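Numbering (my numbering), first residue to last: 1270 to 1934.
Put into structure tokens, the structure is as follows:
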């Protein structure tokens, strides 16, 4: 490992003079690609699912898949990496969930109507917002625009879904003057239990939520802006059929104050400063489950405060970016059990863990002729401390003395390059080294029951950082009527963090198979590919598609096993006819069987499936407004199926007929 790292560092130093931008260093998913346009006045806005959950939009990226535990708040996965292996941010702001069962990913706090685009970065050059081994997903919210010709504008959208008897309501209001621009978005979604293919109801799959966001820009000068962002999200009565507990209430408040400047006649091209914070409360309970061994409550809280500064400049052919960032997070979770006839028992599952981190990120881009290269490096220092005396004493039974904070550093460096063969074809490649800090659960989690494999999990306070060497290669081909993008990737990991069964520790949860303690496996690998393509068959007929595949294996103390939750080959294809104000779209999602499962995780195999959807929409003009009517059928054949990332053997929704109406003004 050390020899490989030295070689990589030498290669990076040798490439300093030719750093540059590689288009494959990142993937930007614009909402006009997947159903929501960048602004409500854009032509071609009438596409499939003008109102939908943000997860379905992300699922259309060739590098993202989703972990499903219910019908709400699915967890994003980037090329097979998830949870603490990736960073998920909103407008660059760090957000950490308050749920020990990962029911509250940061993506659940953004709705489709207030999202502008999703920036997805993988490989060694993905550490701008924090060190990770799997990459970064940054959810960028809508930016208010200064439009003096249209002072007020907006949209109202409604949709009804037959399967869950659910409805979605969303609205947007824009206000603009020469100096002030505002955009407000609001949404309310309420769904009952859905029915799987064949008509059987999936209990505890209901949810209700509302979301409000406000974003403003104030022009201090011609080239200076003051920005403010606020998101308030409230979810209630959220069921999780794949888990043993549901969510009574989940509340998030996210806010940020920023400054943007674009200096003229200066080597500094852009300056961004931001202060931000977010406060999350997540209350799990099983009060609506009829048969449970012991009633329990599991509340959790996460408070994060941070700041960052970004500077962009140009020197000749070089484009330089530097970022200095800091965040402070406090995560606390507890569990109270109420056995009949006995006094309640209490323990802290996250013992008031405080982490402060400061990071420095440097990036250089350079282009010369047909070759462009980008190089980056990041160093991050973290101080982590379990503040609760009660929680520290819990770990004393395992021989840990947590009287001093854990202090460590994490590093990331990478290089991406591209070579343009001609006007149509381009070859890309990248190499990198990255580390990531253990998350709260892996370091300080205390008897957390994991419904996926039915084991209790205990953290390891002195666990090492997970490390990865990465390589990727890609090919792009673009013509007037055909586009193709392919990328293959390989990760070689050391100190891979995984739960290992410990027969010497008794379980805490009734029905658990035992206890696993997070350990560093000696080595692991993860590999796969993703692709996207489109073909203009006729002037009004377009075929688009994506493909992805992942495979992984780890080794610990001579024993090998498959990494769980690796996608088999999955294909998404759509055929879309659009002419004037009408569109009709046919879609297919297919996935091959997955039999390479993890024995230690008690993982289940999944079968091949193919699901078909159809949708149509039409635009009407009403004075100065536009009406858009859409209808469609998801899972036309009412197929009973689940993806390999769906927990607990819970099937996805069967046939769903929906109708939506939008008004844009």
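From the three backbone atoms N, C-alpha and C, an ideal C-beta is built for every residue, glycine too.
Keep in mind the model is a prediction, meaning the values are calculated, not measured.
Sub-8 angstroms separation of residue i and residue j beta-carbons
i	j	result
residue 1811	residue 1845	yes
residue 1331	residue 1815	yes
residue 1626	residue 1650	yes
residue 1372	residue 1408	no
residue 1361	residue 1581	no
residue 1355	residue 1562	no
residue 1771	residue 1750	no
residue 1339	residue 1910	no
residue 1548	residue 1522	yes
residue 1747	residue 1807	no
residue 1930	residue 1898	yes
residue 1462	residue 1474	yes
residue 1883	residue 1919	no
residue 1709	residue 1683	no
residue 1790	residue 1825	yes
residue 1855	residue 1887	no
residue 1432	residue 1908	no
residue 1618	residue 1715	yes
residue 1369	residue 1517	no
residue 1349	residue 1917	no
Environment of residue i [buried if 16+ CB atoms lie within 10 Å]
i	result
residue 1672	exposed
residue 1610	exposed
residue 1687	buried
residue 1889	exposed
residue 1535	exposed
residue 1242	Only positions 1270 to 1934 of the chain appear in this structure, which leaves residue 1242 out of reach.
residue 1974	Because residue 1974 is not part of the residues shown, which for the chain are 1270 to 1934, the question remains open.
residue 1612	exposed
residue 1921	buried
residue 1437	buried
residue 1418	exposed
residue 1926	exposed
residue 1704	buried
residue 1639	exposed
residue 1829	exposed
residue 1782	exposed
residue 1260	Residue 1260 is absent from the structure shown; the chain starts at 1270 and stops at 1934.
residue 1928	exposed
N- and C-terminal bounds of the beta strand (DSSP E) containing residue i
i	result
residue 1592	1587-1607
residue 1697	1694-1705
residue 1333	1333-1336
residue 1541	1537-1554
residue 1735	1735-1747
residue 1731	Looking at the DSSP string, residue 1731 is not in any beta strand (DSSP E), and its letter there is neither H nor E.
residue 1932	1925-1933
residue 1481	1476-1490
residue 1570	1564-1584
residue 1870	That residue, residue 1870, is in no beta strand (DSSP E); it is neither H nor E in DSSP.
residue 1756	1751-1770
residue 1674	Segment: none, residue 1674 is in no beta strand (DSSP E) and carries neither H nor E.
residue 1344	1344-1347
residue 1523	1515-1530
Check: residue i C-beta below 7 angstroms from any heavy atom of the ligand SAH
i	result
residue 1444	Looking at this structure, you won't find the ligand SAH or any other ligand, since it has none at all.
Segment limits, alpha helix (DSSP H) that includes residue i
i	result
residue 1660	1658-1665
residue 1710	1709-1713
residue 1327	1323-1327
Whole-angstrom distance between residue j and residue i, CA atom to CA atom
i	j	result
residue 1334	residue 1345	6 angstroms
residue 1441	residue 1449	17 angstroms
residue 1915	residue 1556	24 angstroms
residue 1389	residue 1564	41 angstroms
residue 1313	residue 1933	For residue 1313, the pLDDT reaches just 34, beneath the cut-off of 50, and the residue's location in the model is therefore unreliable, although a value from the coordinates is still provided. In a straight line, the C-alpha of residue 1313 is about 13 angstroms away from that of residue 1933.
residue 1737	residue 1765	9 angstroms
residue 1245	residue 1637	With the chain represented from 1270 up to 1934, any question about residue 1245 goes unanswered, as that position is not in the structure.
residue 1504	residue 1359	19 angstroms
residue 1874	residue 1515	26 angstroms
residue 1376	residue 1328	12 angstroms
residue 1415	residue 1490	13 angstroms
residue 1423	residue 1443	6 angstroms
residue 1831	residue 1678	29 angstroms
residue 1540	residue 1353	30 angstroms
Unbroken stretches of the beta strand (DSSP E), 3 residues or longer, contained in the region 1423-1470
Here the runs fully enclosed are 1435-1445 and 1449-1460.
Pick out the complete alpha helix (DSSP H) segments inside the region 1368-1394, 4 residues or longer, and give them in chain order.
Fully enclosed alpha helix (DSSP H) runs of 4 or longer: not present.
Identify every run of the beta strand (DSSP E) within the region 1774-1820, keeping only runs that are complete inside it and at least 3 residues long; order them along the chain.
1784-1807
What are the uninterrupted segments assigned as beta strand (DSSP E) that are 3 or more residues long and contained completely in the region 1618-1648, given in chain order?
none
Can you give, in chain order, each stretch of the beta strand (DSSP E) that sits fully within the region 1837-1869 and has at least 3 residues?
1839-1848 and 1851-1860
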